[in-house]
Amino acid sequence: MSKLKIAILSYRSAPFGGGQGIYIHDISKALAIMGHEVEVISGPPYPNLSENVSLTKLPGLDLFQTFSFKKRLNIFLNKKNKKFIDFYEFISTLFGGFPEMRTFGERANNYLKANPGFDIVIDNQSLSYGLIAIEKRFPLIEIIHHPITKDYQYELKSSDKFLYRLSRHRWYSFLKMQKRVAKKLNTIITPSLNSLKDISVDFNVNKDNITVINNGLDIDIFIPHPEIKRKEHQLVTTASADVPLKGLDCTLKSLADLKNNFEDISLVVIGKIKKNGHTSRLIKKLGIQDRVSFKTGLTKSEIAKEYASSSIAVVSSLYEGFGYPVIEAMSCEIPLVATNSSSIPELVDKYATLIEPKDVTELSNSITNIFNNYEKYKEIAVRGRAYTIDNFNWLKITEEYENIIYKTIKKFKNADF
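Going left to right, the sequence shown walks through residues 3 to 419 as our numbering numbers them.
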């Protein structure tokens, strides 16, 4: 098969603190290893990429680097050669919206007009209006990890306060655009069967246009570290965002319950929380400030070592389009407790203890059972790593991507516009 010039679009690609930056790094690296010329075209924050992948920066105003009105105003006023899209981005943000997907899509469309030499374009979940124009000129694959309607629904459920719900409605106003765009796109990849179902329902997309390909994992980095001694009653969890969807409340409440039975129990949270926000207040209310630590900006190797020094990994998410934390934990051979929710059961198979979301008692009982029968669950964790290697290695997954890429190019060339 011929080697291709591939453009990967990503409206934001933070290298730490979320799955998008991880995905962009990994898929671009994997396609480059297969011999393709890969260019990532990203808005800020920008990703860390491997040496064989090029990065083109499409700077917007990047207004979410601060929440100070004065600083945001200065950013806007200091922007030279302002265009309509810059005014739109500033005003929308000022009134509580999240316009980056739409504005990035327009900038990406303009960039691709000036740089037409790509064989295919892959977009990472912007679902912006610009994609409709791009798909007329290039073979296009859209990556939808899960419909953001789920984030919106869970945030509305978390509070009945009028002003909060109004702010969430304004923030998620981009969903109208995403719903319109998704059903116009010909080729969509999603990483789980659960996400396929949710995309088809929430975005009214024909299932025939959606292909399920799991995300991959760096199985040579997320490895066991037998040289690191596990802390007997240390738990570890990941919270890439301080939002209700991640279900951190349940883990914190369980920790508060368990401290009476395990005097030295503690929790490491890979992620950060909002200063004086809901989670911070809950930790103080539960009286577990001295038992919870937060670690941010960790490399993959450092995350693997956090798993190695802990005894149980907990994933209490209410929803995951593709749960990176569960396969990371499995790859690191740590006993795992996770919610029986969304994509998680299909990812973990039989290699995790599954609980109902938000069920603090069931989580506490599961953790206690693992502590009391640790050798049994260590053996399950060993088999879980073998399962992860077989199912989530990037070589296998990249071959599946290549098949869809070549089919999409062939279909585009045969299309009648």
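From the three backbone atoms N, C-alpha and C, an ideal C-beta is built for every residue, glycine too.
Secondary structure at residue i, three-state DSSP: helix, strand or coil?
i                 : result
leucine 288       : helix
glutamine 127     : coil
phenylalanine 419 : Summary for phenylalanine 419: the model assigns pLDDT 44, below 50, so the residue's position carries little reliability, and this model does not support an answer.
glutamate 229     : coil
alanine 16        : coil
isoleucine 215    : coil
leucine 11        : strand
serine 52         : coil
threonine 390     : helix
lysine 413        : helix
threonine 298     : coil
isoleucine 43     : strand
lysine 59         : strand
threonine 400     : helix
lysine 5          : coil
Give me the Cβ distance between residue i and residue j, rounded to the nearest whole Å; I'm assuming they're in contact under 8 Å.
i                 : j                 : result
threonine 151     : glycine 249       : In fact, because the Cβ distance is near 18 Å, the residues do not count as touching under 8 Å.
leucine 288       : leucine 254       : 6 Å
serine 344        : asparagine 196    : 5 Å
glycine 62        : serine 169        : About 22 Å; that fails the 8 Å criterion.
valine 328        : leucine 338       : 6 Å
proline 193       : phenylalanine 324 : 4 Å
valine 317        : isoleucine 346    : 7 Å
isoleucine 267    : arginine 232      : Between arginine 232 and isoleucine 267 the Cβ distance is about 13 Å, and since that is not below 8 Å, they are no contact.
leucine 51        : histidine 27      : 6 Å
alanine 32        : tryptophan 396    : 4 Å
phenylalanine 176 : phenylalanine 100 : 6 Å
leucine 284       : aspartate 251     : 6 Å
leucine 75        : threonine 95      : That belief does not hold up - the Cβ atoms of leucine 75 and threonine 95 are roughly 11 Å apart, past 8 Å.
isoleucine 143    : isoleucine 124    : 5 Å
glycine 21        : tyrosine 326      : 5 Å
asparagine 263    : threonine 370     : 7 Å
leucine 114       : alanine 9         : 7 Å
tyrosine 25       : asparagine 126    : 7 Å
Taking 7 Å as the cut-off, decide whether the C-beta atoms of residue i and residue j are in contact.
i                 : j                 : result
phenylalanine 106 : proline 149       : no
lysine 7          : glutamate 39      : yes
glutamine 67      : leucine 129       : no
isoleucine 191    : isoleucine 145    : yes
leucine 257       : leucine 269       : yes
valine 384        : glutamate 330     : no
alanine 184       : valine 207        : yes
isoleucine 357    : serine 368        : yes
alanine 116       : isoleucine 43     : no
methionine 103    : tyrosine 13       : yes
phenylalanine 224 : alanine 306       : yes
glycine 23        : serine 15         : yes
isoleucine 314    : isoleucine 230    : no
isoleucine 382    : tyrosine 403      : no
aspartate 244     : lysine 276        : yes
proline 141       : phenylalanine 414 : yes
glutamate 157     : glycine 132       : no
isoleucine 221    : serine 56         : no
aspartate 88      : lysine 82         : no
threonine 400     : methionine 36     : yes
lysine 186        : isoleucine 134    : yes
State yes or no: is the beta carbon of residue i nearer than 7 Å to at least one beta carbon in chain C?
i             : result
threonine 105 : As a matter of chain content, chain C is missing from the structure shown, which is built from one protein chain.
Regarding residue i and the ligand ZN, is the C-beta to nearest heavy atom distance less than 6 Å?
i              : result
tryptophan 173 : As for the ligand ZN, it is missing from this structure, which has no ligand bound.
Item checked: Length-filtered (4 minimum) alpha helix (DSSP H) runs lying within the segment 311 to 388 -> 326 to 333, 346 to 350 and 362 to 374
Note to self: Quick check for students: name the residue ranges of the alpha helix (DSSP H) that lie wholly in the segment 236 to 277, counting only runs of 4 or more.
What the structure shows: 250 to 260
Next item on the list: Taking only runs that begin and end inside the segment 155 to 211, name each unbroken beta strand (DSSP E) of 3 or more residues, in chain order.
Entry: 190 to 192
Check: Does the segment 231 to 242 come close enough to the segment 271 to 280 to have 3 or more Cβ pairs within less than 8 Å?
Finding: yes
Checklist line | Inside the segment 73 to 152 only - alpha helix (DSSP H) runs reaching at least 4 residues | finding: 86 to 96, 102 to 116 and 132 to 139
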